[in-house]
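Everything below concerns the one structure shown next.
Number of protein chains: 2
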Amino acid sequence: MPVRATPVRQTRNADASRAKIWGAATTEFAAQGFDGAKVDRIAAGAGVNKAMIYYHFKSKAGLFNAILHDTFGAIADAVRGVRAAGGTPEAQVRAYVAAIAHVADDRPFFPPIWLREVAQGGRHLDPAVAGHFREVLTMLGEILREGAAAGTMRPAHPFLVQLGIVGPLTLFMASRPLRKKFSKVHQGLDVSIDAVVEHVQTMVLGGISTQKAARKSR
Amino acid sequence: MPVRATPVRQTRNADASRAKIWGAATTEFAAQGFDGAKVDRIAAGAGVNKAMIYYHFKSKAGLFNAILHDTFGAIADAVRGVRAAGGTPEAQVRAYVAAIAHVADDRPFFPPIWLREVAQGGRHLDPAVAGHFREVLTMLGEILREGAAAGTMRPAHPFLVQLGIVGPLTLFMASRPLRKKFSKVHQGLDVSIDAVVEHVQTMVLGGISTQKAARKSR
DNA sequence: GTCTATAAATAGATAGAC
DNA sequence: GTCTATCTATTTATAGAC
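Protein sequence lines correspond, in order, to chains Y and Z. Residue numbers for the first sequence follow my numbering, beginning at 1 and rising by one. Residue numbers for the second sequence follow my numbering, beginning at 1001 and rising by one.
As structure tokens, then:
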């Protein structure tokens, strides 16, 4: 009976170790960036030995890339869901904004990581992650083309629209520590994520709609 | 006559050194971030001895902060100019967007640096820089309040509006290297800064205007 | 003001025992 | 799978000559 006891426990421990490393790494990378993040600190935060990180993820870069890949996969999944759910192009744009906001809100480590990755020129973006990125932008392009075909939206660069969505969302989510730091000297930094999402939806549709007003339809 | 010759030449060289260091540092910090930037590389890029950096700027952090301070001063100046020029609140919002875009476009190093600074929680933002930041946001708030008083804009959080402006602009400008990298596999990333500014202006006004359409008035 | 040499600390990564 | 000990390279910063 206990023949496989040891392997099983080892596997369980391995999974637990991976999970603990993952959690500590997301925090560290989000707060410090890739170069600022220290493997020693990740190990300490995870409560595991440093060598385990290299055992499970090969290298600091490997660990970082696994996190990026996972999150971009989730975003691509969510956007695919938006397309599958259908609806008017306007509704899909709203859903697109909400979906991306939701994935990011679920992964507070992602916005700061992504901002830095952009600033870094996508140095750590491997082909798999780039593929997800491309797929998402393509799906947004489809939504916009449907809107243009229906005459309710003017033709717009998907990338431009994406900037208008991801820019404010990411900057807002990533700025939480900064907002907290300045909230004592400057009022008006206390905005909810829901307010931001709604503002972005209104703003984005206001920027591409041919209709007079793009009021929200709850 | 040549009594002061040496001091003068020294001063000139000092200014030249500072300028060369400044130029190399902006490039390095923009491309690598604070932690990723290496003092050796800045010295090499500037063509000066590494020790000069410490002589002129005290430390790596001191150099970084001097750059941040300078740029934020320029932004605050530009926005003060927008207020001074007056005009309708809508015109001022457009001018505000254009002014910030212009300062940033003049300093290509700034967008990536700022994105990382946000992601970092403003770790390097000293009180002087924070003051400029605060002043800019206050002036935007005044414009919005005037618009609300005139009835042409609905009340809006200045910070929310700021996110809608700076988010897309910064992300666009900072993503130049990334866009270049992906331009071969994905079309549609080739957008001009003017197109972005116009899109942001339309989008932002579309998000806060009470009027039916916030068409641009050239 | 500028340069050489070097101190002093840190960090990514691995070998090898258990 | 996990831990100890350590190697190697890198990096910020400074002392001191010119």
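No residue lacks a Cβ here, since even glycine has one placed at the ideal position from N, Cα and C. Quick caveat, the model's predicted, so the values are computed rather than measured.
For H102 (chain Y), the enclosing alpha helix (DSSP H) covers residues P89 to D106. Around the beta carbon of G87 (chain Y), a 10 Å sphere encloses fewer than 16 other beta carbons of the protein chains shown; the residue is thus reported as exposed.
Against chain Z, the CB of T202 (chain Y) has a partner CB under 9 Å away; the residue lies at that interface.
The beta-carbon of Q1120 (chain Z) is placed less than 9 Å from the nearest beta-carbon of chain Y.
Out of Z:P1111, Z:V1048 and Z:E1090, the CA that lies nearest to the CA of G1207 (chain Z) is found in Z:E1090. Looking at the DSSP output, M1153 (chain Z) sits in a beta bridge with Z:S1209.
T1202 (chain Z) and G47 (chain Y) have their C-alpha atoms some 50 Å from each other. The DSSP assignment places complete alpha helix (DSSP H) segments of no fewer than 4 residues inside the stretch 1013-1083 of chain Z at 1039-1046 and 1050-1057, in order along the chain. Excluding the 5 residues flanking it on each side, P1112 (chain Z) has same chain C-beta neighbours closer than 6 Å at A1030 and A1174, in chain order.
Relative to T1170 (chain Z), the option among Z:A1066, Z:A1104 and Z:K1050 whose CA is nearest is Z:A1104.
Contact with chain Y is found for V1166 (chain Z), since one of that chain's Cβ atoms lies less than 9 Å from the residue's Cβ. For a Cβ distance threshold of 9 Å, residue set G1188 of chain Z lies close to P158 (chain Y), ordered along the chain. Setting aside the 5 residues that flank it on each side, W1114 (chain Z) is surrounded in the same chain by T1170, each with a C-beta closer than 7 Å to its C-beta; the list follows chain order.
By alpha-carbon distance to D1035 (chain Z), the top candidate from Y:Y55, Y:V196, Y:H102 and Y:Q120 is Y:Q120. Using a Cβ distance threshold of 9 Å, R1179 (chain Z) and D1190 (chain Z) count as a contacting pair. With the rule of 3 Cβ pairs closer than 8 Å, the stretch 1152-1171 of chain Z does not count as touching the stretch 142-155 of chain Y. Each of Z:D1070, Z:G1081 and Z:R1116 was checked against the Cα of Y1096 (chain Z), and the nearest Cα belongs to Z:G1081. The beta carbons of G188 (chain Y) and V1166 (chain Z) sit no closer together than 9 Å.
Here A76 (chain Y) really is in contact with V136 (chain Y); their C-beta atoms are around 6 Å apart, less than 8 Å.
Residues of chain Z with a Cβ closer than 9 Å to the Cβ of F182 (chain Y) are, in chain order, G1122, L1125, A1130, F1133 and R1134.
Between the alpha carbons of R1083 (chain Z) and R1134 (chain Z) lies a distance of about 15 Å. Contact of A195 (chain Y) with chain Z by beta-carbon distance below 8 Å involves H1157 and L1160. Within its own chain, the residues whose Cβ lies closer than 6 Å to the Cβ of F1072 (chain Z), once the five positions on either side in sequence are excluded, are V1129 and H1132, listed in chain order.
From the listed residues Z:I1053, Z:V1196 and Z:A1024, the smallest Cα separation to A1098 (chain Z) is found for Z:V1196.
For F182 (chain Y), the three-state secondary structure derived from DSSP is helix.
Where F1109 (chain Z) is concerned, there is no enclosing alpha helix (DSSP H), because DSSP gives it neither an H nor an E.
Apart from the 5 residues on each side of it in sequence, N65 (chain Y) sits with its Cβ closer than 7 Å to the Cβ of H124 and D126 in its chain, given in chain order. Judged by DSSP in its simplified three-state form, Q201 (chain Y) adopts helix.
Interface residue (Cβ-Cβ distance to chain Z less than 9 Å): V185 (chain Y) is classified as such. Chain Y has a Cβ within less than 9 Å of the Cβ of R1116 (chain Z). Per DSSP, reduced to three states, the secondary structure at L144 (chain Y) is helical.
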